[in-house]
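Undergrad: All residue numbers for the sequence shown refer to this note's numbering, where the first residue is 3 and numbers rise by one.
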Amino acid sequence: MRIDAELGATLWELSRKHTLLQPPTWEYVYTETDYQYMARDEVRNRAYRQAIQQTVKDKTVIEIGPGSMLVLTLLCVEAGAKKIYAIEIDEEAYQQAQKLVQAKELTDKIELLHGSSLNIDVPEKGDVCISEVIGCIGGIEGAAVLLHNAHRFLKPSGVMLPSRCLTWLSPVVKPEFYQDAFINQAHSLLTEEAYKVAGKRFPFPYYSITNFPDSNLIAPPQLFEDLDFNDPNLTTDFARNLTFEIQHDASFDGLLLWIELYVDATTILNAWSCETGWATAYLPVEPFALKPNDKMQIAAQSKLTSHSFRPDYLFDISVWRQSQLVYRYKKDIVWS
């Protein structure tokens, strides 16, 4: 087995059918497997196509992170964009994308720029900025920083696609997962690649889960993160206090987060209710037996450090029973 398009296709098909627990290796390295996985996400691609067709005709487009297969870039060409400047930081993805542009004879329409969008310039101001730097937790790939910075590429009337991303949170008990030899081998292969890129071995701070069952939610979800990409004052840092009233006995063992993405004002993808490639994010915690009338409080924070454009997420979880503190656990996702 190797990291390639066939692996991505197989993982995609399995994730549509089964409840899978997967390490988020794409947070460390994007492989051909990941690009193939995203290219097969017809729910995502159909939503972007609809928003793009309504927005980019005869317009200049700036794209952040087109990847090797130029999925969104080619949708812009199809929709009649005048010019697309696509900024790709990864060297291998950039080289593969260049070959694709040349093979499709689109060098007059698409200009690829190699580097980080945080410190690169574009030849002209754009009308639309398009991107897909959204993670299982909306801002985990640095969307707030990257897209706030990208406003400098746009004309005063310029717009962002996507326009907004909400992330929802609920306490949960993890379900049973589908396992077989192929899944274990694939995850081992991808994990080793992530360790190689990171230069060390480590426990993953969270996992992605596909097809998470409704019955494993302990309480109704609450809003955790709200990123408005058209807001010129968008910031990464926030603090939010959430309180969940427990209605029944439950074996609490984690937090689940998932996105609701506004590609534009009317085109919305909810990772909970539609079969898109954005899985739910599961954060394991120390297990605890909850009882009816318990009150769970979660003090959640997102903050940026000087070491990364990705935010650190901090969760301080406490459970109160008849005014007594009976459980406390801190869970962090730290990239610095």
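Backbone N, C-alpha and C define an ideal beta-carbon position, used for all residues, glycine too.
1. Excluding the 5 residues preceding and the 5 following Pro207 in the sequence, name in chain order all residues of the same chain whose CB lies nearer than 6 angstroms to its CB.
2. Between Pro222, Ile66, Val174 and Pro164, which lies nearest to Ala291 when the distance is taken from Cα to Cα?
3. Check whether the Cβ atoms of Tyr315 and Arg166 lie closer than 8 angstroms to each other.
4. What residue from Lys59, Leu120 and Ile319 has the CA that sits closest to Arg242's CA?
5. Output the distance between the C-alpha atoms of Val199 and Ser325, rounded to the nearest integer angstrom.
6. Among the residues of its own chain, which have a CB less than 6 angstroms from the CB of Leu285, if the five just before and after it don't count?
7. Could you give the distance in angstroms between the alpha-carbon of Arg46 and the alpha-carbon of Ala53?
8. Between which two residues does the alpha helix (DSSP H) carrying Lys101 extend?
9. In the DSSP assignment, the alpha helix (DSSP H) including Ile185 goes from what residue to what residue?
10. Taking C-beta to C-beta, are Glu65 and Ala95 nearer than 8 angstroms?
11. Note the first and the last residue of the continuous beta strand (DSSP E) segment covering Trp14.
12. Quick check on Arg323: does DSSP put it in helix, strand or coil?
13. For a test of the three-state rule: what should DSSP assign to Arg4, helix, strand or coil?
14. Three-state secondary structure (DSSP) at Thr27?
15. Could you check the C-alpha separation between Tyr80 and Met298 for me, to the nearest Å?
16. Tell me, please, whether the region 19-36 touches the region 188-199 by the rule of three or more beta-carbon pairs shorter than 8 angstroms.
17. Under 6 angstroms Cβ to Cβ from Glu262, same chain only, skipping five residues before and after it: list those, please.
18. Note down, in chain order, each residue of its chain lying with its Cβ closer than 8 angstroms to the Cβ of Leu327, except the 5 sequence neighbours on either side.
19. Going along the chain, which residues of its own chain have a beta-carbon closer than 7 angstroms to the beta-carbon of Trp14, five neighbours each way excluded?
20. Would the beta-carbon of Leu115 fall within 8 angstroms of that of Phe231?
21. Restricting to Cα atoms, I'd like to know which of Glu277, Asp233 and His309 is closest to Lys19.
22. For Glu178, which of Lys157, Ala252 and Pro215 has the nearest alpha-carbon?
23. Give the single residue among Glu143, Ala49 and Ser118 whose Cα lies nearest to the Cα of Leu229.
24. Return the Cβ separation of Thr282 and Leu259 in integer angstroms, given the expectation that the two are a contact with Cβ distance under 8 angstroms.
25. Is the beta carbon of Leu16 closer than 8 angstroms to that of Ile185?
26. Mind checking who Gln299 pairs with in its DSSP beta bridge?
27. Taking Cβ to Cβ, would you say Gly128 is nearer than 8 angstroms to Gly160?
28. Go ahead and pull the three-state DSSP assignment for Tyr50.
29. Rounding to the nearest angstrom, what Cα-Cα distance links Tyr50 and Leu74 in this structure?
30. If we call anything under 8 angstroms between Cβ atoms a contact, is Asp251 one with Pro294?
31. State the start and end residues of the unbroken alpha helix (DSSP H) segment that holds Ala41.
32. Return helix, strand or coil for Arg154, following the three-state DSSP convention.
33. By how many angstroms is the C-alpha of Ile300 removed from the C-alpha of Tyr329?
34. Cβ of His189 within 8 angstroms of Cβ of Gln24?
TA: The relevant details are as follows:
1. Take Pro207, set aside five residues on each side of it, and the residues of its chain with a beta-carbon closer than 6 angstroms to its own are Ile335, in chain order.
2. Nearest of Pro222, Ile66, Val174 and Pro164 to Ala291, Cα basis: Val174.
3. Tyr315 places its beta carbon 8 angstroms or farther from that of Arg166.
4. When each option's Cα is compared against that of Arg242, the closest is Ile319.
5. The straight-line gap from Cα to Cα measures roughly 47 angstroms.
6. Excluding sequence positions up to five before and after Leu285, its CB lies within less than 6 angstroms of the CB of Tyr208, Gly256, Leu257 and Lys333, all in the same chain and listed in chain order.
7. Approximately 11 angstroms, taken between the alpha carbons.
8. It spans Glu93 to Ala105 - the alpha helix (DSSP H) in which Lys101 sits, taken as one unbroken run.
9. Unbroken alpha helix (DSSP H) run through Ile185: Ala183 to Ala200.
10. Glu65 places its beta carbon 8 angstroms or farther from that of Ala95.
11. From DSSP, Trp14 is part of no beta strand (DSSP E) but of the alpha helix (DSSP H) over Ala7 to Lys19.
12. Of the three classes helix, strand and coil, the one that applies to Arg323 here is strand, per DSSP.
13. Three-state result, Arg4: coil.
14. DSSP, reduced to helix, strand and coil, places Thr27 within a helical segment of the structure shown.
15. Before going further, note that residue 80 is Glu rather than Tyr in the sequence given. When rounded, the distance between both Cα atoms is 49 angstroms.
16. Yes, the region 19-36 is in contact with the region 188-199.
17. Result list for Glu262: Leu168 and Asn272, in chain order.
18. In the same chain as Leu327, and ignoring 5 residues on each side of it, the C-beta atoms closer than 8 angstroms to its own belong to Ser320 and Val321, in chain order.
19. The residues are Tyr39 and Arg42.
20. With respect to the 8 angstroms criterion, Leu115 and Phe231 are not classified as neighbours on the basis of their beta carbons.
21. For Lys19, the nearest C-alpha among the options comes from Glu277.
22. By alpha-carbon distance to Glu178, the top candidate from Lys157, Ala252 and Pro215 is Pro215.
23. Closest option to Leu229, Cα to Cα, is Glu143.
24. The pair is a contact, with the Cβ atoms about 7 angstroms apart (cut-off 8 angstroms).
25. Yes; because the gap between Cβ atoms is below 8 angstroms, this pair is in contact.
26. For Gln299, DSSP records a beta bridge to Thr245 and Ser320.
27. Taking 8 angstroms as the Cβ cut-off, Gly128 and Gly160 qualify as a contacting pair.
28. Of the three classes helix, strand and coil, the one that applies to Tyr50 here is helix, per DSSP.
29. One C-alpha to the other measures close to 7 angstroms.
30. Yes, Cβ-Cβ distance for Asp251 and Pro294 is below 8 angstroms.
31. Residues Glu34 to Ala41.
32. It is helical.
33. Approximately 12 angstroms, taken between the alpha carbons.
34. It is a contact, given that the beta carbons lie within the stated cut-off.
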